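Asker: Residue numbers for the sequence shown follow the numbering used here, beginning at 17 and rising by one. Every residue, glycine too, gets a C-beta built ideally from N, C-alpha and C. Model, not experiment: these values are computed from the prediction.
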Amino acid sequence: LGIRVTQLAMGLPVGGDLEYADEVTLGRALVGRREVADEPR
17 LGIRVTQLAM GLPVGGDLEY ADEVTLGRAL VGRREVADEP R
């Protein structure tokens with residue numbers, strides 16, 4: 017399907033609301049994101 021799954025970098029708390037994140041923190045989290053490996057369960 018060509019879908020890329022990524023994990024945000026540090027800076028955003030788990031369960032945090034993106035609406036309350038400032039632009040700099042959100043930008044850094046997106047720039048530093050990492051691809052999630054496709055691991056068998």
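Can you give, in chain order, each stretch of the beta strand (DSSP E) that sits fully within the region 18-55 and has at least 3 residues?
Answerer: Here no run is fully enclosed.
Asker: From GLU39 to ALA45, what distance separates their C-alpha atoms?
Answerer: Each residue's alpha carbon lies about 10 Å from the other.
Asker: Tell me the rounded alpha-carbon separation between GLU51 and ARG20.
Answerer: So the alpha carbons of these two residues sit roughly 7 Å apart.
Asker: Am I right that THR41 and LEU28 are in contact with their C-beta atoms under 8 Å? What's the rounded C-beta distance?
Answerer: Between LEU28 and THR41 the Cβ distance is about 7 Å, and since that is below 8 Å, they are a contact.
Asker: Out of ALA37, ARG49 and TYR36, which one is the CA nearest neighbour of MET26?
Answerer: Of the listed residues, the one whose Cα sits closest to MET26 is ARG49.
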